[in-house]
Amino acid sequence: MESFSPKLHLPILIFGVAAPFVIPGVTIQIAVLWVMVLFALTWDILGGQMGYNSLGNILFFGSGMYISAVVQVSMFADVAEYTASSGAVDFKYTDAQYFWGLGLGVIAAGIGSAVLAAAIGWTMFGLRGPYFAIGTLGIALTAGELMGTWSWVGAGGGLAMPVFPGSADGKSMMFYFLCFFAAIATYLFCSWLYSTRFGLAINAIRDDEQKAEAMGIHTLRYKTIAWSAAAFFLGISGALFGNITGFVEPLEVAFPVATFGIFMVAMSLLGGKGTLWGPILGAILFHFLKEFTWTYFLGWQWVALGVLIIVNVVFFQQGIMGWLMDKFPERFGIVVDKKEAAE
Amino acid sequence: MWDNISILTAAPVFNIQLILDGLFIGATFALAAYGLALVWGVMNVKNLAQGDFVITGGYIAWWLGKQGIHPLWGMPISIVVMFGFGWLVYITIIRRVIDKDLFTSLLATFGLAIVMAQALNLMFGPEVQTAESDYAVRSYFNNSVTVADIKLIAFALCGVLAVVVVLFMKNSRMGQAIRATAQDPRAARVMGIDTDKVYAFTYALNAAICGAAGALISMIWVIQPFYGIGHAIRAFVIVTAAGFGNLPGVILAGLGLGVMEQYGGFVLGAEFQQATVVGLLVAVLIWRQIEMRRHRQVVQ
Amino acid sequence: MTDTPVIELNGVSKSFGGVVANHSISLKVPGGGITGLIGPNGSGKTTLFNSIVGYHPIDEGSIRFKGQEISDYRVPQIARLGLLRTFQQTRIYSNMNCIDNMLISIPHRKLGFRDMFKNRGDKATMEEVDRLLDFVGLYEKRRLISGDLSFGQQKLLEFAMALMNRPEVLLLDEPTAGINPTLINGLIDRLRRANEELGITLFVIEHNMRVIMNMAQSIYCLAHGELLAHGTPDEIQNDQRVIDAYLGAH
Chain A
1 MESFSPKLHL PILIFGVAAP FVIPGVTIQI AVLWVMVLFA LTWDILGGQM GYNSLGNILF
61 FGSGMYISAV VQVSMFADVA EYTASSGAVD FKYTDAQYFW GLGLGVIAAG IGSAVLAAAI
121 GWTMFGLRGP YFAIGTLGIA LTAGELMGTW SWVGAGGGLA MPVFPGSADG KSMMFYFLCF
181 FAAIATYLFC SWLYSTRFGL AINAIRDDEQ KAEAMGIHTL RYKTIAWSAA AFFLGISGAL
241 FGNITGFVEP LEVAFPVATF GIFMVAMSLL GGKGTLWGPI LGAILFHFLK EFTWTYFLGW
301 QWVALGVLII VNVVFFQQGI MGWLMDKFPE RFGIVVDKKE AAE
Chain B
1 MWDNISILTA APVFNIQLIL DGLFIGATFA LAAYGLALVW GVMNVKNLAQ GDFVITGGYI
61 AWWLGKQGIH PLWGMPISIV VMFGFGWLVY ITIIRRVIDK DLFTSLLATF GLAIVMAQAL
121 NLMFGPEVQT AESDYAVRSY FNNSVTVADI KLIAFALCGV LAVVVVLFMK NSRMGQAIRA
181 TAQDPRAARV MGIDTDKVYA FTYALNAAIC GAAGALISMI WVIQPFYGIG HAIRAFVIVT
241 AAGFGNLPGV ILAGLGLGVM EQYGGFVLGA EFQQATVVGL LVAVLIWRQI EMRRHRQVVQ
Chain C
1 MTDTPVIELN GVSKSFGGVV ANHSISLKVP GGGITGLIGP NGSGKTTLFN SIVGYHPIDE
61 GSIRFKGQEI SDYRVPQIAR LGLLRTFQQT RIYSNMNCID NMLISIPHRK LGFRDMFKNR
121 GDKATMEEVD RLLDFVGLYE KRRLISGDLS FGQQKLLEFA MALMNRPEVL LLDEPTAGIN
181 PTLINGLIDR LRRANEELGI TLFVIEHNMR VIMNMAQSIY CLAHGELLAH GTPDEIQNDQ
241 RVIDAYLGAH
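Chains as they are written, first to last, in this note's numbering: chain A, 1 to 343; chain B, 1 to 300; chain C, 1 to 250.
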């Protein structure tokens, strides 16, 4: 695990804590930045470290959002009645009900998504390479459509999250810090995970899965746990994001395959997949680029996004970290050792 | 759901309607899937923009239709335009990812898919469109089965196109070069085949086939800028189920998928039509998984 | 060295489509020794290895490892029993450095859930890694990305990884192929030491006759998918059928 480095970690920590007070106007945008960091980090567990490129990880974001919504609503109302009224009836709830619901909802979102990942993993991990990417893409697309037909959770109309009992500033402040903590927790988790034997095992699967099997590694077990871990954090991010938006809708908010779903991949690639800091770097760069330039494209921003992905993939595949590693290998510990200690 | 099944058993003639509709639409799926099998088999490029090629072909026919050109005449134009477009895409993108790992081509074409879908959306708007062919709709079996003439024409055209492509691959110089390159690119290069040109042609041919399929789909069904990804998934399901060297398999799987989708849509409700496709994909994958487990192997 | 066979094949057949790769092969690999498997190209040696370690199902026959039927086990299960193979085309984890390659090659037999999240290597494991890398002569290159090593070095690394796994039996598919002739003696010496000092039973496919005749106590010869001869190196060298098979195939 990386030890605390004042040069590297401190500025980010200071920025994260101070941002909502210094620049309160963009609290939500920066909260989304932390969600993006979480996205890229969790995608890279499979995509970069294990070599399983999922195009459907957004599934667990959406599942987390729905699980949390259902848990939160069920604290004070019958879910079917709540969705059927679609906001016409003013359901009453206390502050305690809201916060308990939120807490339980976020935890349930994480656990539920992790369980879902384990279940789907059984089928999907039989697939290698591009088959895996397409299979996961198909599942994420279908999930959105199926949720759109399920009237218990509001079908295509979606369902509204319980409203935060307090000021709008209070709400954005609270969720900002929840997102920030979630991103930090994900970072710490990944940093720890990659330092363990588990990290080595998933790297081995990435480099040569057949060899890993021939050496007796429990590949399916590692793969399932890795995906579940990614799904756990994604589920939590979904729960938080749903509450920030205040409204859960299947296609655009919960399962945005072609936007958030592809952002995760693009960010990891941009920063350099298979490294701890690459996805973080990519997420920050991507998010700032997007926030600053988005409005200047006059409707063509999605086209620009697609072009960015193509250019990234075609011309700059190794990403920023990969490029640095090629350029300065000795900085990353790739050196010839003098023969000293050996007998 | 059970109500719908009982309709099918009580009035068997409905089955005919569903099967016919399924076959007509399935023929266009098979066409697009054959194009995918071609680039997949020859160049090992998994083209996720396949569906958006189809939809773009559809929009070309539809737009020409609005300018007063009959969409059936729009089809050859769509084929030519898409051929050129495919060549352009090869030169700008595909050529650079062809020798990289497979996820690269997948992701690059996914990026392309996003670009195309969004561009279509900006140009033509998000509404669902159909190119009007103005042919008669006839009824059969005491008015219980209706078939539009255009569907019959489209079905026949699919067959003609398939035959043309097969003959081309068998007999023309380029077709032979494509097949040689598919078997062993290095040997083909040694024998003096310009593989870069072969790849460009293959990719362009695929785009042209998609253009034709799309033009037909715009006449017999509907198009919408974001429907592309659904068509791409269909093509992948068909090729995965049939294997890419297997043209009869692709045709059968395409027709079968069309029919099953119609049944899925009818029995479960129209909103499940897409879900049926992915459901089938998952089923195919699970089945292969079990099969492979039996053979002490994994899906490669 | 004991006489109980660790690997026992009885009437193993395997065909691909219409091509018979192995036909009714029975052989015994005694524990603690070095057994050779020779035969002309295409005689079915690698297919037999693949059948033993679980790469494909066999059509007929039985494969026993220490008396246990393993012919329907799959690759990782067999590896965890302590039956390991190296590849003809060397396979290592090419984006990882040598140390990591070694650390992940520890035996996975009794690895529980908690062990998955242990530190990469404790002191004892690190010492073993250093010792084995030194044993194959890769100590100085241990922090380099293994994919950047030369082919011969990768082969040595693969061998060290196999030793790290502490297998009972090691199936080696052409260990000297592609290795600089001047290094071959060193490799033979290491294989022998692995056999004697670590007690690993070796079952070796080898084309280099000098190597295999020097190393093995007992040799099996395959030709056209059938077992042609079995005996000591001397017997095999003087067996007219073996000589014919090699001359006929070349």
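We put the beta carbon where it would ideally sit given N, CA and C, even for glycine.
- For D173 (chain C), no alpha helix (DSSP H) segment is defined; the enclosing uninterrupted segment is the beta strand (DSSP E) at 169 to 173.
- Any Cβ of chain A closer than 8 Å to the Cβ of L257 (chain B) would place that residue at the interface, and such an atom is absent.
- Residue nearest to S268 (chain A) within the set A:F288, A:L38, A:L13 is A:L38 (criterion: CA-CA distance).
- With contacts defined by Cβ atoms closer than 8 Å, M75 (chain B) and A212 (chain B) form a contacting pair.
- Of the residues A:I280, A:A40, A:L324, the one whose Cα lies closest to the Cα of H9 (chain A) is A:I280.
- Looking at the DSSP output, R85 (chain C) sits in a beta bridge with C:L171.
- Annotated as proximal: T109 (chain B) and L48 (chain B), with beta-carbon spacing under 8 Å.
- Taking the Cα of L216 (chain B) as reference, the smallest distance to any Cα among B:K151, B:V277, B:W87, B:V198 is reached at B:K151.
- Using a Cβ distance threshold of 8 Å, G319 (chain A) and G271 (chain A) count as a contacting pair.
- Beta-bridge partners assigned by DSSP to N119 (chain C): A:T196.
- Following the DSSP letters along the chain, one finds Y199 (chain B) inside the alpha helix (DSSP H) bounded by residues 195 to 220.
- Counting C-beta pairs closer than 8 Å gives three or more between the segment 216 to 226 of chain C and the segment 15 to 30 of chain C, which meets the contact rule.
- DSSP, reduced to helix, strand and coil, places F65 (chain C) within a strand of the structure shown.
- Within chain A, not a single residue places a beta-carbon under 8 Å from that of H56 (chain C); the smallest gap is close to 13 Å.
- Here N22 (chain C) carries a strand assignment [DSSP, helix/strand/coil].
- In the three-state reduction of the DSSP assignment, N180 (chain C) falls in the coil class, being assigned neither a helical nor a strand state.
- Using a Cβ-Cβ cut-off of 8 Å, D326 (chain A) does not count as an interface residue toward chain C, since no Cβ of chain C sits closer than that to its own.
- Proximity of chain B to A204 (chain A) at the Cβ level (cut-off 7 Å) is not reached, the minimal Cβ distance being about 16 Å.
- By the CB criterion at 8 Å, V259 (chain B) and S144 (chain B) fall outside the cutoff.
- Interface residue (Cβ-Cβ distance to chain A less than 8 Å): K118 (chain C) is classified as such.
- In this structure, A117 (chain B) lies away from W62 (chain B), with their beta-carbon atoms at least 8 Å apart.
- No Cβ of chain A is located within less than 8 Å of the beta carbon of G57 (chain B).
- When C:T125, C:L9, C:L163, C:Q68 are compared, the shortest CA-CA separation from R197 (chain A) is found for C:T125.
- Counting only residues of its own chain and dropping the five nearest sequence neighbours on each side, R85 (chain C) has a CB closer than 7 Å to the CB of F49, V53, L171, D173.
- Straight-line spacing of the CA atoms in I238 (chain B) and I120 (chain A) works out to 22 Å.
- In this chain, the alpha helix (DSSP H) harbouring I233 (chain B) covers 228 to 242.
- The three-state secondary structure of G231 (chain C), taken from DSSP, is strand.
- Distances from the CA of G147 (chain C) to each of C:I99, C:R120, C:T182 were compared; the closest alpha carbon is that of C:I99.
- It is roughly 16 Å from the alpha-carbon of I38 (chain C) to the alpha-carbon of F87 (chain C).
- DSSP places Y59 (chain B) inside the alpha helix (DSSP H), whose first and last residues are 50 to 66.
- Looking at the DSSP output, F16 (chain C) sits in a beta bridge with C:V19.
- Against chain C, the beta carbon of M174 (chain A) has no neighbour under 7 Å; the closest one sits roughly 32 Å away.
- Residues of the segment 55 to 79 of chain C with a C-beta atom less than 7 Å from some C-beta of chain A are V75, P76, A79, listed in chain order.
- Of the other Cβ atoms in all chains shown, 16 or more fall within 10 Å of the Cβ of P5 (chain C); this residue is therefore buried.
- At the C-beta level, E271 (chain B) and T27 (chain A) stay beyond 8 Å of one another.
- A direct Cα-to-Cα measurement between T232 (chain C) and I219 (chain C) gives close to 6 Å.
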